[in-house]
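Participant:
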Amino acid sequence: MGTIDISYENLLIGLLMMGIPMFYLWKFKTGLVKSTLIAVLRMLVQLFLIGVYLKYLFFLNHPLINFLWVFIMIIVASETALVRTRLQRKILLIPISIGFFISVVLIGTYFLGLVLQLNNIFNAQYFIPIFGILMGNMLSVNVIGLNTFYSGLQREQQEYYYLLGNGATRQEAQAPFIRQALIKAFSPCIANMAVMGLVALPGTMIGQILGGSSPNVAIKYQMMIVVITFTASMLSIMITISIASRRSFDKFGRLIRVFKEGKKNGR
Amino acid sequence: MLKIEDACIAYGEQELFTGLCVHIKRGEMVCISGESGSGKTSLLNAVMGFVSLTSGSITIDDLLLCEENIDQIRRKIAWIPQELALPCEWVSEMVKLPFELKANKGIHFSKKKLFEVFKELNLEEELFTKRVSEISGGQRQRIMIAVAALLEKPLLIIDEPTSALDAGSVERVLNFFNILSQKGMTILAVSHDRAFKLGCDNVIYL
């Protein structure tokens, strides 16, 4: 059972549906019409480009090229995280990149090697989508987590300095802010996990079923995808914060300026 | 206990004070006073390493305040900032917070001891089980003083301890501080309160 291809004409017919949300966005003067149009265009261009380069990655199916792709993705994801959080590149670029790299390699190879027991874990058919989905989830969690952590430290300086002034170690004084970052970053993931399959059918499962897999196989993959994305996201944010903490506080434990100019209280 | 030698704090071009020398003995109660912006809170922050001196030095218990000693110095301090608002829902959480730190692991938190101090500061025991939003600023201030006292640190640093208190409560806090200083606790406070200043061993004007 294969997947039915969508012709370009039919793709265009499908895209016509965007007219409905665009109409309401225009009618209620939301100011989102232009940004939605740009977003749709960007999505189309980006996905066509991904289609092209994935075709070559799958065709070449070479471990080195696949790993090079991971490196490029890590750089792109780190840059994206910096742009979205408006954190200083010189402080956060290395911690975020290391956090992404260690997490994606550890969790990705664990899943491919120990769970799927692939003979060749660099097989593009598995390597690319698994590492790709891990990167995407880690990026979202890091953006929310880092923003919450540093905005909290800036906004609630009194609590941080109260703890430090009463003898707390740097880790103890930062702990309430790490707690907040984890709550904010992981609450949506936990909520999604709790209703998975009830409210909506998850993406990986749909993809596999459309691709011809049996629902029995699809649910197992979905379970594993949830577990590996959750674990990799947690690992990456913890590694990032742990390395970033050494660079974002001075020797007296004072927070140095981490946000770029114009960013106040994380807003 | 605390030696401040030839200290100067400046933010850019603006010099808050310069050439400040302060020697505070163990068990002494000292008040820092002065106009707004004269550097009172900055001086307290400098003693805890939160603000750097532009020049001069600070020594606490024969330890020079520097990167190497800062953690050791902070373990000797109990600190209450001005209008402290911790993001705790319950008074009990707020009270227990400093006792959960590794530095204070040796100090056993006991409700009995806390309530004894509460009594001295004219606080009702029921406050312990209330929400932070249900207590007044003055009650919160005295609760934090009680907590700081239970930490039994050699140095208590406190910013405006009586700003939300009536005259009677100021008197009680002063008496309480006197008992603490007699037990050997050194108290360094910033205050505008005339009665509080009069009750201290020394007043430093910035």
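Just so you know, the protein sequences line up as chains A and W, in that order. With the numbering used here applied, the first sequence covers 1 to 267. With the numbering used here applied, the second sequence covers 1001 to 1206. For every residue, glycine included, the Cβ atom is placed at its ideal position computed from N, Cα and C. Owing to the predicted nature of the structure, the values given are computational and were not obtained by experimental measurement.
#1: Name, please, each residue of chain W whose Cβ falls closer than 8 Å to the Cβ of Gly165 (chain A).
#2: Alpha carbon to alpha carbon, what distance is there between Gly14 (chain A) and Ile20 (chain A)?
#3: Please list, in chain order, all residues of the same chain as Ala218 (chain A) whose beta carbon is under 7 Å from its beta carbon, the five residues on each side excluded.
#4: So is Glu156 (chain A) in contact with chain W if we call contact Cβ pairs under 8 Å?
#5: Indicate whether at least one CB of chain W lies closer than 8 Å to the CB of Lys251 (chain A).
#6: Distance, Cα to Cα, Ala173 (chain A) vs Lys1153 (chain W)?
#7: For the stretch 1048 to 1061 of chain W against the stretch 1159 to 1176 of chain W, are there 3 or more C-beta pairs whose distance is under 8 Å?
#8: Taking the beta carbon of Met43 (chain A) as the centre, do at least 16 other beta carbons fall within 10 Å, making it buried, or is it exposed?
#9: Label Pro188 (chain A) either buried or exposed according to how many other C-beta atoms from any shown protein chain fall within 10 Å of its C-beta, with 16 as the threshold for buried.
#10: Using the Cα positions of Val195 (chain A) and Asn1104 (chain W), report the straight-line distance between them to the nearest angstrom.
#11: Would the beta-carbon of Met1001 (chain W) fall within 8 Å of that of Ile1032 (chain W)?
#12: Quick check: the stretch 175 to 190 of chain A against the stretch 106 to 115 of chain A, are at least 3 beta-carbon pairs closer than 8 Å?
#13: With 9 Å as the C-beta to C-beta threshold (strictly closer), list the residues of the stretch 1098 to 1131 of chain W near chain C in chain order.
#14: Can you give the Cα-Cα distance for Gly1039 (chain W) and Glu156 (chain A), rounded to whole angstroms?
#15: Keeping to the same chain, check which residues put their C-beta closer than 6 Å to that of Cys1088 (chain W); ignore five residues upstream and five downstream.
#16: Taking Leu1155 (chain W) as the reference, which of W:Asp1166, W:Met1185, W:Val1147 has the closest Cα?
#17: Using a Cβ-Cβ cut-off of 8 Å (strictly less than) and excluding sequence neighbours within five positions of Asn265 (chain A), which residues of its own chain qualify?
#18: Can you tell me the Cβ-Cβ gap for Asn1122 (chain W) and Ser1169 (chain W), rounded? I've got them flagged as a contact below 8 Å.
#19: Have a look at W:Leu1086, W:Ser1136, W:Asn1045, W:Glu1083 and flag the residue whose alpha-carbon is nearest the alpha-carbon of Ile1070 (chain W).
#20: Can you check whether the C-beta of Ala168 (chain A) is within less than 8 Å of a C-beta belonging to chain W?
#21: To the nearest angstrom, report how far apart Met238 (chain A) and Phe100 (chain A) are at their CA atoms.
#22: Take Ala1167 (chain W) as the anchor and find which of W:Ile1073, W:Asp1006, W:Gly1199 has the nearest alpha-carbon.
#23: By the criterion of Cβ-Cβ separation under 7 Å, what are the contact partners of Glu159 (chain A) in chain W?
#24: Looking at the unbroken beta strand (DSSP E) that takes in Phe1017 (chain W), where does it start and where does it end?
#25: Under a three-way DSSP split, which group does Arg267 (chain A) fall into?
#26: With a cut-off of 8 Å, does the C-beta of Glu1067 (chain W) fall near any C-beta of chain A?
#27: Measuring straight from C-alpha to C-alpha, what distance separates Gln46 (chain A) and Ile38 (chain A)?
#28: Report the option in W:Pro1081, W:Ile1009, W:Glu1015 whose CA atom is closest to the CA atom of Gly165 (chain A).
#29: Buried or exposed, going by whether 16 or more other CB atoms sit within 10 Å of the CB of Trp1079 (chain W)?
#30: Quick one: which chain A residues come within Cβ less than 7 Å of Arg1004 (chain W)?
#31: Taking Lys1213 (chain W) as the reference, which of W:Ala1085, W:Met1144, W:Lys1096, W:Phe1177 has the closest Cα?
#32: Who are the Cβ neighbours of Tyr1205 (chain W) in its own chain at under 7 Å, not counting the five residues just before and after it?
#33: Please list the terminal residues of the continuous alpha helix (DSSP H) segment that includes Leu54 (chain A).
#34: Could you work out which residues of chain W lie near Asn261 (chain A), taking near to mean beta carbons separated by less than 7 Å?
#35: Bridge partners for Val1203 (chain W) per DSSP, in chain order?
#36: Between Ser242 (chain A) and Asn142 (chain A), is the Cβ-Cβ spacing less than 8 Å?
Facilitator: Straight from the coordinates:
#1: Here residue 165 (chain A) refers to the residue found at position 165 when the first sequence is read from its first residue. Listed by position along chain W, the residues whose Cβ is nearer than 8 Å to that of Gly165 (chain A) are Met1048, Phe1050, Arg1074, Ile1077, Trp1079, Pro1081, Ile1157.
#2: Position 20 of the first sequence, counted from the start, is the residue given in the question as residue 20 (chain A). Position 14 of the first sequence, counted from the start, is the residue given in the question as residue 14 (chain A). In a straight line, the C-alpha of Ile20 (chain A) is about 12 Å away from that of Gly14 (chain A).
#3: As a first step, residue 218 (chain A) is located in the first sequence; it is residue number 218 there, counting from the start. Excluding sequence neighbours, Ala218 (chain A) sits near Met205, Gln208, Ile209.
#4: In the first sequence, residue 156 (chain A) corresponds to position 156, counting from 1. Taking Cβ atoms only, chain W reaches closer than 8 Å to Glu156 (chain A), which makes this a yes.
#5: Sequence index remark: in the first sequence, residue 251 (chain A) carries index 251 (1-based). Chain W, which has a Cβ nearer than 8 Å to the Cβ of Lys251 (chain A), makes this yes.
#6: Position 173 of the first sequence, counting from 1, holds the residue named residue 173 (chain A). Position 153 of the second sequence, counting from 1, holds the residue named residue 1153 (chain W). Between Ala173 (chain A) and Lys1153 (chain W), the C-alpha separation is close to 19 Å.
#7: no
#8: For the purposes of this step, residue 43 (chain A) is taken as residue 43 along the first sequence, with counting starting at 1. Result: exposed.
#9: The residue you call residue 188 (chain A) lines up with position 188 of the first sequence. Exposed, since its Cβ has fewer than 16 Cβ neighbours within 10 Å.
#10: On the first sequence, residue 195 (chain A) is found 195 positions in, with the first residue counted as 1. On the second sequence, residue 1104 (chain W) is found 104 positions in, with the first residue counted as 1. Distance between the alpha carbons of Val195 (chain A) and Asn1104 (chain W) is about 43 Å.
#11: Taking the first residue of the second sequence as 1, we reach residue 1001 (chain W) at position 1. Taking the first residue of the second sequence as 1, we reach residue 1032 (chain W) at position 32. No.
#12: no
#13: The structure shown has no chain C; the protein chains it does contain are A and W.
#14: Translated into the one-based positions of the second sequence, residue 1039 (chain W) becomes position 39. Translated into the one-based positions of the first sequence, residue 156 (chain A) becomes position 156. Using only the alpha carbons, I get a separation of about 22 Å.
#15: Residue mapping note: residue 1088 (chain W) aligns to position 88 of the second sequence, counting from 1. So the list reads Met1094, Val1132, once near-sequence residues are dropped.
#16: The count along the second sequence starts at 1 and reaches residue 1155 (chain W) at position 155. Checking every option, the nearest Cα to that of Leu1155 (chain W) belongs to W:Met1185.
#17: Numbered from 1 along the first sequence, position 265 holds the residue referred to as residue 265 (chain A). Residue placement at Asn265 (chain A) is flagged as unreliable, the pLDDT there being 48, under the threshold of 50; a coordinate-derived value is accordingly withheld.
#18: Stepping through the second sequence from its first residue, residue 1122 (chain W) is reached at position 122. Stepping through the second sequence from its first residue, residue 1169 (chain W) is reached at position 169. Contact flag correct, Cβ pair sits at about 7 Å.
#19: Looking up residue 1070 (chain W) in the second sequence gives position 70. Ile1070 (chain W) has its Cα closest to that of W:Asn1045, out of W:Leu1086, W:Ser1136, W:Asn1045, W:Glu1083.
#20: The count along the first sequence starts at 1 and reaches residue 168 (chain A) at position 168. Taking Cβ atoms only, chain W reaches closer than 8 Å to Ala168 (chain A), which makes this a yes.
#21: Indexing the first sequence from 1 puts residue 238 (chain A) at position 238. Indexing the first sequence from 1 puts residue 100 (chain A) at position 100. Taking the straight line joining both Cα atoms gives about 10 Å.
#22: Here the question's residue 1167 (chain W) lines up with position 167 in the second sequence. It is W:Gly1199.
#23: If you number the first sequence from 1, residue 159 (chain A) lands on position 159. In chain order: Leu1086, Pro1087.
#24: Locating residue 1017 (chain W) in the second sequence gives position 17, where the first residue counts as 1. Where Phe1017 (chain W) is concerned, the enclosing beta strand (DSSP E) stretches over 1014 to 1024.
#25: As a working note, residue 267 (chain A) is residue 267 in the first sequence. In this prediction, Arg267 (chain A) scores a pLDDT of 40, lower than 50, which makes its location untrustworthy; the coordinate-derived value is nonetheless stated afterwards. Three-state DSSP puts Arg267 (chain A) in coil, outside helix and strand.
#26: Walking along the second sequence from the start, residue 1067 (chain W) turns up at place 67. For Glu1067 (chain W), the answer is yes, since a Cβ of chain A falls inside 8 Å of its Cβ.
#27: Counting from one through the first sequence, the residue named residue 46 (chain A) turns up at place 46. Counting from one through the first sequence, the residue named residue 38 (chain A) turns up at place 38. If you take the alpha carbons of Gln46 (chain A) and Ile38 (chain A), they lie about 12 Å apart.
#28: The count along the first sequence starts at 1 and reaches residue 165 (chain A) at position 165. Closest by alpha carbon: W:Pro1081.
#29: By one-based count along the second sequence, residue 1079 (chain W) stands at place 79. Counting Cβ neighbours within 10 Å, Trp1079 (chain W) comes out buried, since at least 16 surround it.
#30: Position 4 of the second sequence holds residue 1004 (chain W). Contrary to the premise, residue 1004 (chain W) reads as Ile rather than Arg in this sequence. Simply none; closest approach about 17 Å.
#31: Nothing can be reported for residue 1213 (chain W), as the shown portion of chain W is limited to 1001 through 1206.
#32: Within the second sequence, numbered from 1, the residue matching residue 1205 (chain W) stands at position 205. Only Ser1033, Gly1034 meet the Cβ criterion.
#33: Taking the first residue of the first sequence as position 1, residue 54 (chain A) is located at position 54. 33 to 60 is the extent of the alpha helix (DSSP H) around Leu54 (chain A).
#34: As a working note, residue 261 (chain A) is residue 261 in the first sequence. The sequence shown places Glu at residue 261 (chain A), not Asn. Per Cβ cutoff of 7 Å: no residues; Glu261 (chain A) is ~17 Å from chain W at best.
#35: Mapped onto the second sequence, residue 1203 (chain W) falls at position 203. Val1203 (chain W) is bridged to W:Cys1031.
#36: For the purposes of this step, residue 242 (chain A) is taken as the residue at position 242 of the first sequence. For the purposes of this step, residue 142 (chain A) is taken as the residue at position 142 of the first sequence. No.
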